[in-house]
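UniProt numbering puts the first residue of the sequence shown at 1, with every later residue one more than the last.
So the structure is just underneath, and the comments pick up after that.
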Amino acid sequence: MGGAAAAYAFGVPAPGQGFGFVWWWLSSPGRTAHHLFDEMRGLANPTIRPFALNVEPGTVWHNNPSLLHNKYPDDNFLMRIIIPRVTTEIPSINSPLDSLPSFACGFFCAGPATNCNAYTFSIFFVNAFSTGGDVHLESPEVVWFANRDRPVGENATVEFTELGDLVLYDADGTLVWSTNTTDKSVVSMKLTWSGNLVLLDHADVEVWRSFDHPTDTLVISQILQMGQKLVARTSLTNWAEGKLYLTVLADGMYAFAGIDTPLAYYRSPTRGTAATNRSAYVALKNGSLDVFTSFQETEVPDYHIKFPVDPFGLVFARLDWDGHMRLYQWGIDSWVNSDIFNITDPCDYPLACGEYGICSHGQCSCPDVAIGQSGLFELVDAREVNRGCSLKSSLSCGSAGKTRLLAVPNITYFNFVYNWTTNEDHCKLSCMDDCSCRASFFQYEDTSSGFCFLASDIFSMISVSTENYSSNFSSLAFVKIQESAHKPLSYKDKRAIVLVAGSLSFVTSVIVVVLIVLRKRRAEPLEDEYNIEQLSGLPTRFSLVDLKLATGDFSRKIGAGGFGSVFEGQIGDNHVAVKRLDGVSQGKREFLTEVQTIGSINHRHLVRLIGFCAEKTHRLLVYEYMPNGSLDKWIFQNHQAAPLDLETRLKIISDIAKGLAYLHNDCRQTIAHLDIKPQNILLDEMFTAKISDFGLARLIDHGQSSVMTKLRGTLGYLAPEWLTSVITEKVDVYSFGVVIMEILCGRRNLDYSQPEESRHLVNILLEKAKNNQLMDLINPCFIDTELHVDDVLRMMNLAMWCLQDNNRRPSMSMVVKILESTMDVETELDFDLVVIDPMVLANRAAQRNTVTLQAASVLSGPR
Numbered sequence: 001m002g003g004a005a006a007a008y009a010f011g012v013p014a015p016g017q018g019f020g021f022v023w024w025w026l027s028s029p030g031r032t033a034h035h036l037f038d039e040m041r042g043l044a045n046p047t048i049r050p051f052a053l054n055v056e057p058g059t060v061w062h063n064n065p066s067l068l069h070n071k072y073p074d075d076n077f078l079m080r081i082i083i084p085r086v087t088t089e090i091p092s093i094n095s096p097l098d099s100l101p102s103f104a105c106g107f108f109c110a111g112p113a114t115n116c117n118a119y120t121f122s123i124f125f126v127n128a129f130s131t132g133g134d135v136h137l138e139s140p141e142v143v144w145f146a147n148r149d150r151p152v153g154e155n156a157t158v159e160f161t162e163l164g165d166l167v168l169y170d171a172d173g174t175l176v177w178s179t180n181t182t183d184k185s186v187v188s189m190k191l192t193w194s195g196n197l198v199l200l201d202h203a204d205v206e207v208w209r210s211f212d213h214p215t216d217t218l219v220i221s222q223i224l225q226m227g228q229k230l231v232a233r234t235s236l237t238n239w240a241e242g243k244l245y246l247t248v249l250a251d252g253m254y255a256f257a258g259i260d261t262p263l264a265y266y267r268s269p270t271r272g273t274a275a276t277n278r279s280a281y282v283a284l285k286n287g288s289l290d291v292f293t294s295f296q297e298t299e300v301p302d303y304h305i306k307f308p309v310d311p312f313g314l315v316f317a318r319l320d321w322d323g324h325m326r327l328y329q330w331g332i333d334s335w336v337n338s339d340i341f342n343i344t345d346p347c348d349y350p351l352a353c354g355e356y357g358i359c360s361h362g363q364c365s366c367p368d369v370a371i372g373q374s375g376l377f378e379l380v381d382a383r384e385v386n387r388g389c390s391l392k393s394s395l396s397c398g399s400a401g402k403t404r405l406l407a408v409p410n411i412t413y414f415n416f417v418y419n420w421t422t423n424e425d426h427c428k429l430s431c432m433d434d435c436s437c438r439a440s441f442f443q444y445e446d447t448s449s450g451f452c453f454l455a456s457d458i459f460s461m462i463s464v465s466t467e468n469y470s471s472n473f474s475s476l477a478f479v480k481i482q483e484s485a486h487k488p489l490s491y492k493d494k495r496a497i498v499l500v501a502g503s504l505s506f507v508t509s510v511i512v513v514v515l516i517v518l519r520k521r522r523a524e525p526l527e528d529e530y531n532i533e534q535l536s537g538l539p540t541r542f543s544l545v546d547l548k549l550a551t552g553d554f555s556r557k558i559g560a561g562g563f564g565s566v567f568e569g570q571i572g573d574n575h576v577a578v579k580r581l582d583g584v585s586q587g588k589r590e591f592l593t594e595v596q597t598i599g600s601i602n603h604r605h606l607v608r609l610i611g612f613c614a615e616k617t618h619r620l621l622v623y624e625y626m627p628n629g630s631l632d633k634w635i636f637q638n639h640q641a642a643p644l645d646l647e648t649r650l651k652i653i654s655d656i657a658k659g660l661a662y663l664h665n666d667c668r669q670t671i672a673h674l675d676i677k678p679q680n681i682l683l684d685e686m687f688t689a690k691i692s693d694f695g696l697a698r699l700i701d702h703g704q705s706s707v708m709t710k711l712r713g714t715l716g717y718l719a720p721e722w723l724t725s726v727i728t729e730k731v732d733v734y735s736f737g738v739v740i741m742e743i744l745c746g747r748r749n750l751d752y753s754q755p756e757e758s759r760h761l762v763n764i765l766l767e768k769a770k771n772n773q774l775m776d777l778i779n780p781c782f783i784d785t786e787l788h789v790d791d792v793l794r795m796m797n798l799a800m801w802c803l804q805d806n807n808r809r810p811s812m813s814m815v816v817k818i819l820e821s822t823m824d825v826e827t828e829l830d831f832d833l834v835v836i837d838p839m840v841l842a843n844r845a846a847q848r849n850t851v852t853l854q855a856a857s858v859l860s861g862p863r
């Protein structure tokens, strides 16, 4: 094989088409395809100088058998190489480098070589050797994908365009993936010695690099920066993005499981802190994986995972589909791996027993089997119990089938992080009312009040050894299941009915006794546990009967949230909204805080508390009625009327600022609200904004510089200093900055319906600010913003000032002056702020059991 024919067989064009060097190299006397792949295998030998071929614009590759490919029908893969690696010196054919893998780039399909139909454009290690003139490809390991979620078929095309863009088209011409580098003066492309696919400009500066877009693998010399992720595959056979990912935060390397509510299942033991570090990263070297989180001139890693040095540098680290981070090294004739994470208990991995599986000392079972039932779940693979379980009747909202919760005792989650404190019934009800909830977890000790977590992503559950806890400890899982609408009664069901019928007389007797006892107790006075009368400056106190009459026995419900439900009512001439705090132990502290905090203050931009009710376990708050409901309805949803015009939105921003400035500066004590968000901003008939819901507020003496308190508030609006639990009223300023951006942009700060890179509005804001592209954030429905660009940019700069570090944020009185145009916005702003992942913030606080986080509320109706 030689000349142009040889070059064509390797998937490279003849001279003039971008790979003239390969054509010349293969045409030279004594040089064969065998030697070419020997040179590919020599890239890690320190005595051999690496050399990468430059590909010129205008080169096109077609995914068909004309490319170099493996030819054995029993292979479980099909690989077609377009860019091999070569070096400038030729090792001996009998050298130790013979039959060692090297990097290549091309099309890869995970499946039988005779029937592959889903290819990714990939970079991979591949072992190539020659026998009888044929080149064999073996032991492939993919280290990067361009289109993992959108595989292409036969005759797909990769083109390095004349404009310098690298694009992937499917066979029908559909654009699948692109580097989007048409405006970057790209003139060449190459695959480097380290497996980095790069596009270069005239000065050989790297304009685009595959290393900057990691998938699930790190190779030697590759760095994982803050904000970047390794996302595991869905399963062993499905290479699409799964629900597990590894990332670098300011205080270490974390592995998370979940999409809607990600939970950390691993963290590297590092010394860095979120407050001091802004450039954490992970580096894979030959001999170690290093985590850097605190700046040191000597570049000493905070966490160092050491492994034997590979003489040929054939090493990579991958986050595998099962959550294990594994180091892969080349053995004698195959890849061998070892775990990187120092997780000793196998049950602590989120997929130790697959979805819905229960892990107990490394053994797996399904939830129904664990409680002695059958017929609700089935194993995904009966031969591999650790692959997990699946529901026989899949869950679906609005189905005719009956949905119920299967109670499984002595069960917890791989990382139990609770949403809120409540009782067992409310925890279960919250899951039943939430279509996305697939299970709820509840833990308590010594009292019926406990910690509730709602899981929308189901991973493995863990059996709890109760002997390690007090006798009053309980941990339960309530797994949502669905039964068919017409399920025949089983023998066990019929037997249960007979037993129940036979026990009716006994139960009736018990009920009679209980009723007698309750009647006696009702006649006895009950001590008022709230000591309400001791609070000064209280509004009107209503009886429960009064509020039942006012609300039609609580029949006109207009909203519900984390601490209760809201009902419309009428008391005399006053149109009111009555908030009922649900649950026996739910919200007592919040109730007292709200009555005491706003019962004696009055301001145009604070919702007025008219009165309250506190009778035994009943706790209700009576507010003025706000006919236009909460702000979130007007900025996050398509309302029947036109979107709020810019003048109204700017007025709402000003109203919120004035209300906060009053709380911070003009009361006897500074009042930090601690839960500023659109759901807690109510609008009257004239769209005047008023701050509501003071259940999480904290009083601060004017002489205090800060206070220490447990984490409280709503994810997405929490300032970074909550990690330290030492806060000032300026946490409200941070939340206010987030709300400004939500009002201007018409989207939530945390929007999990968006692509991953667009989910966090604050992150996008800072990135757009660096590139002077702030107007790209504005919702195109807000057409009047184009007429007032200066006003919009001024508000965005104010928002970013509010999002600065604590000591650089303005006070709310300064914000009011800016909005009244008597003071200018700060222009020297930091766009490289540390933005804490909201779930990491919750996880860190929950580990200290010091958190009161609000669930997403639906209080958007009039109230």
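Built from N, CA and C at the ideal position, the CB exists for glycine as well.
Values in this document were obtained by computation on a predicted structure and should not be read as measured data.
With respect to the 8 Å criterion, residue 305 and residue 343 are not classified as neighbours on the basis of their beta carbons. Restricting attention to 106, 412, 385, 769, the CA atom closest to the CA of residue 831 is found in 769. DSSP places residue 700 in the strand class (E or B) of the three-state scheme.
Contact between the segment 723 to 734 and the segment 683 to 695 is absent, with fewer than three C-beta pairs closer than 8 Å. Look at the segment 642 to 670 and you find these whole runs of alpha helix (DSSP H), each 4 residues long or longer: 646 to 665. Under the criterion of beta carbons closer than 8 Å, residue 240 and residue 234 qualify as touching, at roughly 5 Å. Annotation note: the segment 679 to 765 contains the following uninterrupted alpha helix (DSSP H) runs of length 4 or greater, listed N- to C-terminal: 730 to 745. For residue 577, the secondary structure class from DSSP, reduced to helix, strand or coil, is strand. With fewer than 16 neighbouring CB atoms inside 10 Å of its own CB, residue 540 falls in the exposed class. By the neighbour-count criterion, in which 16 or more other beta carbons inside 10 Å mark a residue as buried, residue 72 falls on the exposed side. Closest by C-alpha distance to residue 111, out of 136, 225, 236, is 236. Around the C-beta of residue 775, fewer than 16 other C-beta atoms lie within 10 Å, and the residue is accordingly described as exposed. Residue range 789 to 802 is occupied by the alpha helix (DSSP H) that includes residue 797. In the DSSP assignment, residue 318 forms a beta bridge with 217, 326. Around the CB of residue 269, fewer than 16 other CB atoms lie within 10 Å, so the residue is classed as exposed. The DSSP-derived three-state label of residue 820 is coil. Ranking 601, 625, 740, 243 by CA distance to the CA of residue 649 puts 740 first. DSSP places residue 363 in the strand class (E or B) of the three-state scheme.
When DSSP states are grouped into helix, strand and coil, residue 337 belongs to the strand group. In the displayed model, residue 129 falls within a strand according to three-state DSSP. The Cβ atoms of residue 782 and residue 737 lie no closer than 8 Å to each other. If you check the CB distance, residue 323 and residue 303 do not come in under 8 Å.
Residue 444 and residue 346 have their alpha carbons spaced roughly 25 Å apart. DSSP lists 698 as the bridge partner or partners of residue 672.
When secondary structure is reduced to three states using DSSP, residue 831 falls in the coil class, being assigned neither helix nor strand. Here residue 572 is exposed, its C-beta having fewer than 16 other C-beta atoms within 10 Å. For residue 317, the closest C-alpha among the options 309, 404, 284, 393 is that of 284.
Under the three-pair Cβ rule at 8 Å, the segment 111 to 126 counts as touching the segment 151 to 158. Judged by their CB atoms, residue 259 and residue 355 are not nearer to each other than the 8 Å cut-off. Fewer than three beta-carbon pairs drawn from the segment 567 to 581 and the segment 661 to 677 are found closer than 8 Å, and the two stretches are therefore not classed as touching. Between the segment 366 to 374 and the segment 163 to 179, the count of Cβ pairs shorter than 8 Å is below three; the stretches do not touch. Counting only the Cα atoms, residue 439 lies some 42 Å from residue 654.
Across the structure, residue 632 and residue 688 are spaced so that their CA atoms are roughly 14 Å apart. The beta carbon of residue 482 sits closer than 6 Å to those of 393, 395, 401, 403, all from its chain and outside the five residues before and after it, given in chain order. Looking from the CA of residue 826, the closest CA among 833, 794, 806, 607 belongs to 794.
Remark: C-beta atoms of residue 198 and residue 143 do not approach each other more closely than 8 Å.
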